[in-house]
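> Quick one: the structure is below, and I'll ask about it shortly.
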Amino acid sequence: MIDWKSRQNRDGGWAYNKGGSWTEPTVLILLAQSVTQIDRPGFEAGLNFLRSTQRRDGGWSPRPDVDESTWVTALAALLPEEAIGAERLKRAVAWLEGQTGRESGWSYRLQQTIAGNKEKYPEGWPWFPGAAAWVIPTSIGILAFERALTRGENRKLRERVNSGREFLFGRMCADGGWNHGSNRALGRDGDSYPETTGIALAALHRAPEHKTIARAKEAARRHLATCRTAEGIAWLRMGLAAHGEPVQSQASPTPRTAMDAALSAIATAAGTPGGRNPLLS
Amino acid sequence: MKPTRRELLGIAAAGVTIGGAALAHRANVRTAQHWPVSSVSIIKVPAYTMDVYDAVYRIVSEHNLNVRGKRIVLKPNLVEFDPHTAVNTHPMVVHAAYEAFRKLGAAEVKIAEGPGHRRATLDLADAAGYFSTVPKFEDAFTDLNLDEVSKLRIPQPVSQLKSLYLPHTVLDCDLLVSLPKMKTHHWAGATLAMKNLFGLVPGGVYGWPKNVLHWAGIAESIVDLHHLFPRQFAIVDGIVGMEGNGPIQGTPKQAGVLVAGSDVAAVDATCCRIMGIDPKKIAYLKIARGEENLEPSAFRQIGEPVSAVRTPFQLIDPWRQMIQAA
Chain A
1 MIDWKSRQNR DGGWAYNKGG SWTEPTVLIL LAQSVTQIDR PGFEAGLNFL RSTQRRDGGW
61 SPRPDVDEST WVTALAALLP EEAIGAERLK RAVAWLEGQT GRESGWSYRL QQTIAGNKEK
121 YPEGWPWFPG AAAWVIPTSI GILAFERALT RGENRKLRER VNSGREFLFG RMCADGGWNH
181 GSNRALGRDG DSYPETTGIA LAALHRAPEH KTIARAKEAA RRHLATCRTA EGIAWLRMGL
241 AAHGEPVQSQ ASPTPRTAMD AALSAIATAA GTPGGRNPLL S
Chain B
282 MKPTRRELLG IAAAGVTIGG AALAHRANVR TAQHWPVSSV SIIKVPAYTM DVYDAVYRIV
342 SEHNLNVRGK RIVLKPNLVE FDPHTAVNTH PMVVHAAYEA FRKLGAAEVK IAEGPGHRRA
402 TLDLADAAGY FSTVPKFEDA FTDLNLDEVS KLRIPQPVSQ LKSLYLPHTV LDCDLLVSLP
462 KMKTHHWAGA TLAMKNLFGL VPGGVYGWPK NVLHWAGIAE SIVDLHHLFP RQFAIVDGIV
522 GMEGNGPIQG TPKQAGVLVA GSDVAAVDAT CCRIMGIDPK KIAYLKIARG EENLEPSAFR
582 QIGEPVSAVR TPFQLIDPWR QMIQAA
């Protein structure tokens, strides 16, 4: 068992490794606890940290001293409703609805149309407002909206999930996996990464059967055979388990950060018979 | 007590033109005017042998940096996991700089980097050989993507950025030492000491990649970052660089040089000439210094002349037509 308590900051949050609290590791550690063992006082302190840092606009910033809501809002929106509260989740989802990659905004599309570019830009999510959409925030955004849809049907959310999936399919690398989201540059193919391949595969767990999913699973298996990072292995295991393929990795590197430890714990729970992944609906 | 760089910049952000802000302002104004002649060292180092340590020590000593009692941050370029390519700054160059600054009396020498695409920075450093080359590497290292941050207003921005969150480790240092790899770059033409500063921007805030910089203008953001850190030194690892489709998918190219100096734009311009690139056609150099201040006569070469180490790097289209030197 991981000793989350000794790593917890006084404000209730967790750092990636050391220092002040960040939203991302705090959410992941709470989700990891939810499928392993909950340290009740620590869990409640973590939730209180998140309750106190939700911003007026409904989003969360990466850390309390950053004055802008970002993609981490999607992660926080994956917390159980009974833990964080229905109203908080509703506001978070509303904030996420207003976020798209800049390339799919009307201003950029208009510029591209005038320039004669007819390329489609499905709506994904950016890391930071005003930037382009990328694979990781889009994957987590899809999962957050799928979770919201379990609380009630909503046509707009459904459309964003479909658009997010379209974004991911469009950003798949030639080798069948995903990198951060730049699959081709200046006419040359980019190589996929383990962690992004695993995340995207997990985000597509409810996508209709698609031949690209089979290719992505092959890419994930190839990465898993050579990946040596705890982060990459955890996401690959989660991605494959999300498609009914619970696997172990031959390598088991020691997690270097608290976030890696949380991801590894979640991946182990997700790959255990009868276990579940708290990131997936 | 001496104010830290972060405090100085904090004051600058409040509108008082001192410290970094004053220097940044001066850099902007100087762009279209005459620059003082800067010294740039070019040292032949054919391979990653123990000679690297002597060469780096000699470079740092020659430039009389007065680092005694100062806090130094070494900023290498860590990009990808493949240890068989020339994608990352070689760990021996980083360790040599670490040892040189310590030997010259620096109070503290840290190694810090915030990779732009991959999140597992420590794993990346391990795969690049940093753990095995630098004793107690983890104690000396800070992942800039996950460091504590402060928001700084950018005085007179060239890009569309008005402010940036930046890591305390680099804001608090007395001298920032950029240790890039000599590489071609498919968006910027060449990635050297100035472009290496993208790694200062925290991924924990802006994501991976740090795409806000792209939208604000790549070349312009490089210049803004450069202006925010007027106390810099650069040692470019051109022992084996990368040509072709850099900064990630290119092929290794042996240039057999270390290029160094306190005027980082001058160092980059010199590297360009070694690589067979016209520095006046690299947008960020042009913005930072103006074309007239990128002429060879604007720099004083220490060590080898450019002609003795010139090693044209292969460029991909469309860069071949755009930036190749005559």
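Protein chains in written order, with this note's numbering: chain A, 1 to 281; chain B, 282 to 607. Even for Gly, the Cβ is constructed at its ideal location relative to N, Cα and C. Here the structure is a predicted model, which is why all the values come from computation and not from measurement.
1. Could you pull out every residue in the same chain whose Cβ sits closer than 6 Å to the Cβ of B:Phe422, ignoring the five residues on either side in sequence?
2. Any C-beta of chain B sitting closer than 9 Å to the C-beta of A:Ala32?
3. Please classify A:Glu166: does DSSP put it in a helix, a strand, or coil?
4. Report back the beta-carbon spacing between B:Val321 and B:Leu355 to the nearest angstrom; my notes put them in contact at under 8 Å.
5. Please check if any C-beta of chain A sits within less than 9 Å of the C-beta of B:Arg400.
6. Does DSSP put B:Lys443 in a helix, in a strand, or in coil?
7. With a threshold of 16 other CB atoms inside 10 Å of the CB of B:Thr472, please say whether the residue is buried or exposed.
8. With DSSP collapsed to three states, give me the class of B:Tyr379.
9. Does any C-beta atom of chain B lie closer than 9 Å to the C-beta of A:Ser252?
10. With a threshold of 9 Å between beta carbons, is A:Ile29 in contact with chain B?
11. Between B:Thr414 and B:Pro461, which are expected to be in contact by the criterion C-beta below 8 Å, what is the C-beta distance as a whole number of angstroms?
12. Below 8 Å on the Cβ atoms is my contact criterion, and I expect A:Glu231 with A:Asp260 to pass it. Report the Cβ-Cβ distance as a whole number of Å.
13. By how many angstroms is the C-alpha of B:Pro533 removed from the C-alpha of B:Thr366?
14. Is A:Pro126 near B:Gly527, with beta carbons less than 9 Å apart?
15. Applying the 10 Å Cβ sphere with the 16-neighbour rule, what's the burial state of B:Val318?
16. On the three-state DSSP scale, how would you describe B:Thr551?
17. Under a Cβ-count criterion, where at least 16 other Cβ atoms within 10 Å of its own Cβ denotes burial, should B:Asn347 be classed as buried or exposed?
18. Where do the N-terminal and C-terminal ends of the alpha helix (DSSP H) with B:Asp404 fall, by residue?
19. By the DSSP assignment, the beta strand (DSSP E) with B:Phe580 in it spans what residues?
20. Can you list the residues of chain B that A:Pro137 reaches, using a CB-CB cut of under 9 Å?
21. Go ahead and pull the three-state DSSP assignment for B:Met373.
22. Against A:Arg102, what residues of chain B qualify as contacts under a CB-to-CB distance less than 7 Å, listed in chain order?
23. Among B:Tyr329, B:Val337 and B:Lys561, which residue has its Cα nearest to the Cα of B:Gln605?
24. Tell me whether the beta-carbon of A:Arg270 lies closer than 9 Å to the beta-carbon of A:Ala251.
25. Residues of chain A with CB under 8 Å from B:Gly485, in chain order?
26. Let me see if you follow: with CB-CB separation under 9 Å, is B:Ile563 close to chain A or not?
27. Helix, strand or coil: which one does DSSP assign to B:Val587?
28. Three-state secondary structure (DSSP) at B:Lys462?
29. For a cutoff of 9 Å on Cβ pairs, would you count A:Phe169 as touching chain B?
30. Using the beta-carbon of each residue, which ones in chain B are nearer than 9 Å to A:Thr272?
31. Output the distance between the C-alpha atoms of B:Gly552 and B:Val540, rounded to the nearest integer angstrom.
32. What does B:Glu429 touch in chain A if you count any residue whose Cβ is under 7 Å from its own?
33. Using alpha carbons as the reference points, say which of A:Arg155, A:Pro129 and A:Phe169 lies closest to A:Val66.
34. For the beta strand (DSSP E) containing B:Val390, name the first residue and the last one.
35. Assign A:Glu159 to one of three DSSP states: helix, strand, or coil.
36. Taking the beta carbon of B:Asn345 as the centre, do at least 16 other beta carbons fall within 10 Å, making it buried, or is it exposed?
Working from what's here:
1. Ile392
2. no
3. helix
4. Not confirmed; about 19 Å, so no contact.
5. yes
6. coil
7. buried
8. helix
9. no
10. no
11. B:Thr414 to B:Pro461, Cβ: 17 Å. No contact.
12. 5 Å
13. 6 Å
14. no
15. exposed
16. helix
17. exposed
18. Thr402 to Ala408
19. Phe580 to Gly584
20. Gly488
21. helix
22. Trp496
23. B:Lys561
24. The question names Arg, but residue 270 of chain A in the sequence shown is Ala. No; because the gap between Cβ atoms is not below 9 Å, this pair is not in contact.
25. Tyr16, Trp22, Glu24, Pro62 and Arg63
26. no
27. helix
28. strand
29. no
30. Within 9 Å Cβ-Cβ: nothing; A:Thr272 doesn't reach chain B, min ~24 Å.
31. Looking at the sequence provided, one finds Cys at residue 552 of chain B rather than Gly. C-alpha separation (whole angstroms): 7 Å.
32. Gly19 and Gly20
33. A:Pro129
34. Glu389 to Glu394
35. helix
36. exposed
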